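Residue numbers (this note's numbering), protein chains in the order written: chain A, 6 to 288; chain B, 25 to 253.
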């Protein structure tokens, strides 16, 4: 028993120290209305959500919990009712989510374009081609390609390009050593592609924020299929539908749309997103 | 190498300047992982004494399974806790998903087998004579447990230190059930993961250095206790 009586003061001290150093650690103790959003990583990693979050919290007096995840897991959180709202970028899966009754309405609020990036000397010679033609050339084995391989929105777009180019995606996956699955987020995938001097498909925002750390340049940036639309959907199984609806109003309001359109200009010299005011953009 | 050095100096800078955001994240890491360690230890250490001092069918199997659980990936424990506590899960009604409280529960579940298994090994190292002597002097079960825990205190505290180390350094579970929400469930490891995916590699290294320093301080504290006890 002596050991326990000796350890007790230590444990109490530890609890005390912990409580003092991180006294706000358990914010849950404060009863405050919370709204949970699951977002695709690109909207979070570019800092857009961090920029908008305090504005929404001030306007509506609510604690906004933003959870950054890939589109695949964000949709799953939405289905299970673990979040109230999702902001994602995979049109076909969003439409399915709404059709299955998990979401109320798909509201596009911003867009930009995907890029195919690769080594500056473009060993596969795909510069100037359409995205589909570029993928065909890569499938011929003329260069290595790193895929997200994580069922994210970007991965979904990559599959769509393969299919539009006339390939079966499963065949491509097994096609050979030139096709590499990273199974990671966009940032780590870019780092990997840079190390291997391979090509990859990326959203513009993440590419810009990694530009200083990687040795890749945009190779193909033109083509209707590269359109990348971000939508907000209120989840039917969420627990705070009223506040969730406010978030949709907030994101599509004229003021916030203008701020979204200007976001990134200061840091990167160009806007990361084009506002789309609730409508489907035309490419 | 430059990046490592800059990350190192930035980490020291953030610590010395008591950067409020970093301090908040570090405080939360400590609070959550220490709470989990205390809870897990209060269950696992006495349980280790009970298992060690009694013989019953299946004892060997329990010890083997406990030891196998040392190797379970944190993200698997995270998934298990997520499925249990998700709104659609059996314990969803408690509304604990994406809260620090659930992170404490998850980390406690993660490290309890580790502390239990190592504590049993610690007790096995104690000379059988102590137990026999205590019993022959008429000591009850609790007293015998006290005697043997006291004899093995060095290794038992080491088990607790290992448990804390696994809790404070894991990232898979913290992201899965905490959600890495800024100002609420963000801890040092999930912040490192986020800064890495943002391309802020130096800041990520800096946070890693801070985690290392925290672990160092906690370990110095615990080994003092270890030697004094």
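For every residue, glycine included, the Cβ atom is placed at its ideal position computed from N, Cα and C.
Computed from a predicted model, the values in this text were never measured in an experiment.
Partner residues on chain B for residue i, Cβ-Cβ distance less than 7 Å
i                      : result
residue 218 of chain A : 223, 225
residue 41 of chain A  : 122
residue 46 of chain A  : 221
Those residues which DSSP pairs with residue i across a bridge
i                      : result
residue 68 of chain A  : A/39
residue 235 of chain A : A/115
residue 280 of chain A : A/115
residue 254 of chain B : There is no way to answer for residue 254 of chain B, as the model of chain B reaches only from 25 to 253.
residue 121 of chain A : A/206, A/225
residue 150 of chain A : A/184, A/204
residue 108 of chain A : A/240
residue 91 of chain A  : A/43, A/238
residue 73 of chain A  : A/44
Short Cβ contact (9 Å threshold) for residue i with residue j
i                      : j                      : result
residue 223 of chain B : residue 154 of chain A : no
residue 233 of chain A : residue 119 of chain A : yes
residue 253 of chain A : residue 90 of chain A  : yes
residue 117 of chain A : residue 191 of chain A : no
residue 123 of chain A : residue 148 of chain A : yes
residue 180 of chain A : residue 152 of chain A : no
residue 180 of chain B : residue 60 of chain B  : no
residue 111 of chain B : residue 244 of chain A : yes
residue 80 of chain B  : residue 200 of chain B : no
residue 208 of chain B : residue 98 of chain B  : no
residue 239 of chain B : residue 182 of chain B : no
residue 242 of chain B : residue 187 of chain B : no
residue 135 of chain A : residue 227 of chain A : yes
residue 137 of chain A : residue 159 of chain A : no
residue 191 of chain B : residue 31 of chain B  : no
residue 39 of chain B  : residue 46 of chain B  : yes
residue 216 of chain B : residue 35 of chain B  : no
residue 264 of chain A : residue 57 of chain A  : yes
residue 163 of chain A : residue 221 of chain A : no
residue 90 of chain B  : residue 144 of chain B : yes
residue 205 of chain B : residue 234 of chain B : no
residue 37 of chain B  : residue 230 of chain B : yes
residue 51 of chain A  : residue 277 of chain A : yes
residue 165 of chain A : residue 185 of chain A : no
residue 87 of chain B  : residue 51 of chain B  : no
Spatial neighbours of residue i in its chain, beta-carbon cut-off 8 Å, leaving aside the 5 residues before and after
i                      : result
residue 151 of chain B : 175
residue 130 of chain A : 142, 147
residue 236 of chain A : 92, 93, 94, 96, 99, 111, 112, 113, 114
residue 225 of chain B : 27, 31, 219
residue 86 of chain A  : 240, 242, 243, 244
Chain A contact residues for residue i, given Cβ-Cβ distances below 7 Å
i                      : result
residue 243 of chain B : None at all; the shortest Cβ gap to chain A is about 13 Å.
residue 110 of chain B : 85, 87
Partner residues on chain B for residue i, Cβ-Cβ distance less than 8 Å
i                      : result
residue 245 of chain A : Here the premise fails: no neighbours, minimum Cβ distance about 12 Å.
residue 242 of chain A : 111, 112
residue 215 of chain A : 223
Contacts of residue i in chain A (Cβ-Cβ under 8 Å)
i                      : result
residue 220 of chain B : 192, 193
residue 204 of chain B : 72, 73
residue 229 of chain B : Going along chain A, no residue has its Cβ under 8 Å from residue 229 of chain B, so there is no contact; the nearest lies around 12 Å.
residue 305 of chain B : Outside the displayed range of chain B (25 to 253) lies residue 305 of chain B, so it cannot be described from this structure.
Beta-carbon proximity list for residue i, same chain, < 6 Å, skipping 5 on both sides
i                      : result
residue 310 of chain A : The structure shown does not extend to residue 310 of chain A, since chain A is modelled only from 6 to 288, so the question has no answer here.
residue 72 of chain A  : 43
residue 121 of chain B : 109, 110
residue 40 of chain A  : 67, 69, 89, 245, 248
residue 33 of chain A  : Note that residue 33 of chain A scores a pLDDT of 45, beneath 50, so its modelled location is shaky and nothing firm can be said.
residue 76 of chain B  : 144, 147
residue 133 of chain A : none
residue 223 of chain A : 120, 122
Own chain, CB closer than 7 Å to residue i, minus 5 neighbours either side, in chain order
i                      : result
residue 284 of chain A : 113
residue 101 of chain B : 130, 133, 134, 197
residue 107 of chain A : 83, 84, 240, 241, 242
residue 254 of chain B : What is shown of chain B runs 25 to 253, which leaves residue 254 of chain B out entirely.
residue 67 of chain B  : 136
residue 219 of chain A : 195, 196, 199
residue 167 of chain A : 140, 174, 177
residue 64 of chain B  : 132, 135, 136, 139, 187
residue 168 of chain B : 77, 155, 158, 159
9 Å Cβ cut-off: residues of chain B touching residue i
i                      : result
residue 156 of chain A : Simply none; closest approach about 16 Å.
residue 50 of chain A  : 218, 221, 222, 223
Just list the alpha helix (DSSP H) runs in the region 161-195 of chain A, keeping only unbroken ones of 4 residues or longer that don't cross its boundaries, in chain order.
174-178
Which parts of the region 149-179 of chain B are runs of the alpha helix (DSSP H), unbroken and 4 residues or longer, counting only runs that do not cross its ends?
Complete alpha helix (DSSP H) runs here, min 4: 152-160, 165-175.
Runs of alpha helix (DSSP H) lying entirely within the region 208-270 of chain A, each at least 4 residues, in chain order:
209-215, 246-257, 259-267
Please go through the region 175-234 of chain B and give each complete alpha helix (DSSP H) segment of 4 or more residues, from N-terminal end onward.
177-193, 212-222
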